[in-house]
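First comes the structure, then the notes that go with it.
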Amino acid sequence: LVICAADANNKPNYIANGKEAKKRRYMGITMLPLNETIIMELKDKIADFPDITGGVYVHKVVVSSPAYAGGLHAGDIIVDINGFKIESAADVFEVLEKSEILRVTVIRGRYKEMYSVVTETL
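Laid out in structure tokens, this is it:
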């Protein structure tokens, strides 16, 4: 499980040597990259799990986060962000660092939907 969230009330402003820490964009989800084994397990547990081959499963959405405000839900499967195919958590992080506004395409149930997420900088 890869965590793509941070506690905004507990963020350090400086690292140990006194330099300002690198600011990062924040979306507010925890996610699980999907591989063949995980997809098969999810299909066994979730009756209407979509017929997909990859993506990133949204495990949790932090309340009041950019993802929450943008309409993402736990159980969504992120397959594309800003036209970039998502196959791993690293793909999400890469796109997240490049753009403030994310056009996130998800599979929700049997439907493909697009949401706009305006990230925050921590």
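Counting in the numbering used here, the sequence shown runs from 887 upward without gaps. Glycine residues also receive a C-beta, built at the ideal position from the N, C-alpha and C atoms.
- Counting only the Cα atoms, Val965 lies some 13 Å from Asn921.
- Between Thr991 and Arg911, the gap from beta carbon to beta carbon reaches 7 Å or more.
- When the Cα atoms are used, Asp934 and Arg989 turn out to be separated by approximately 25 Å.
- Following the DSSP letters along the chain, one finds Pro952 inside the alpha helix (DSSP H) bounded by residues Pro952 to Gly956.
- Closest by C-alpha distance to Lys909, out of Asp930, Arg996, Lys984 and Lys929, is Lys984.
- Each of Ile967, Lys971, Ser951 and Ala975 was checked against the Cα of Met913, and the nearest Cα belongs to Ser951.
- Comparing C-alpha distances from Arg996 to each of Gly961, Ser974 and Glu973 shows the shortest one belongs to Gly961.
- Ranking Val949, Ile925 and Ala953 by CA distance to the CA of Met1000 puts Ala953 first.
- Around Val981, the same chain offers Ile967, Asn968, Phe970, Ile972 and Leu988 as residues with beta carbons nearer than 8 Å, after the five sequence neighbours per side are excluded.
- Using a 10 angstroms sphere on the CB of Val1004, the tally of other CB atoms stays under 16, which defines it as exposed.
- Residue environment analysis places Val942 among the buried positions, since at least 16 neighbouring C-beta atoms fall within 10 angstroms of its C-beta.
- Judged by DSSP in its simplified three-state form, Glu999 adopts strand.
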